[in-house]
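Asks: The working numbering numbers the first residue of the sequence shown as 2 and each following residue consecutively. So that we are looking at the same thing, I have put the structure below in structure tokens.
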Amino acid sequence: MTTTTPACGWDQAVFRCGRCGTEFTATTEADYLEVVGVHGDAHAVWDRLNAIERDGIASILRTILSAPELAAELLALADRQPAGGEDR
């Protein structure tokens, strides 16, 4: 009789943020590390914004993330602008 033994290693892990309660389940160690890093970075940026900036960035992200073509065009436009963002 032959039995197969599952490979030892990563199965899955759940990340639970102690600050906001967000939960993510990752199936690889690399995905887990990425989720934890990105979520931590998001908290760091959010913490530096005031209430008006938070409302503004949330509105902008909702608009841009709902239209990937718009995001690409805005980045292209930004790349074509001279240093300092002045229009010519």
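Built from N, CA and C at the ideal position, the CB exists for glycine as well. For clarity, every value in this text was computed on a predicted model and none was experimentally measured.
Using a threshold of 9 angstroms, state whether the C-beta atoms of V36 and A45 are closer than that.
Replies: Translated into positions along the sequence shown, residue 36 becomes position 35. Translated into positions along the sequence shown, residue 45 becomes position 44. Contact flag unset, no.
Asks: For A84, which of helix, strand or coil comes out of DSSP?
Replies: The residue labelled residue 84 in the question sits at position 83 within the sequence shown. Of the three classes helix, strand and coil, the one that applies to A84 here is coil, per DSSP.
Asks: Classify A27 as helix, strand or coil using the three-state DSSP reduction.
Replies: Mapped onto the sequence shown, residue 27 falls at position 26. It is a strand residue.
Asks: By how many angstroms is the C-alpha of A31 removed from the C-alpha of D42?
Replies: Translated into the one-based positions of the sequence shown, residue 42 becomes position 41. Translated into the one-based positions of the sequence shown, residue 31 becomes position 30. Cα to Cα, the separation comes out at about 16 angstroms.
Asks: What did DSSP end up calling A68 once you bin it into helix, strand or coil?
Replies: Here the question's residue 68 lines up with position 67 in the sequence shown. Three-state result, A68: coil.
Asks: What number of angstroms, rounded off, separates the C-alpha of L66 from the C-alpha of G57?
Replies: Residue 66 sits at position 65 when you count from the first residue of the sequence shown. Residue 57 sits at position 56 when you count from the first residue of the sequence shown. Between the C-alpha atoms of L66 and G57 there is a straight-line separation of about 14 angstroms.
Asks: Keeping to the same chain, check which residues put their C-beta closer than 8 angstroms to that of Q161; ignore five residues upstream and five downstream.
Replies: Shown here, the chain extends from 2 to 89; a query on residue 161 therefore has no answer.
Asks: Do you know how far the Cα of E24 is from the Cα of L34?
Replies: Locating residue 34 in the sequence shown gives position 33, where the first residue counts as 1. Locating residue 24 in the sequence shown gives position 23, where the first residue counts as 1. Each residue's alpha carbon lies about 14 angstroms from the other.
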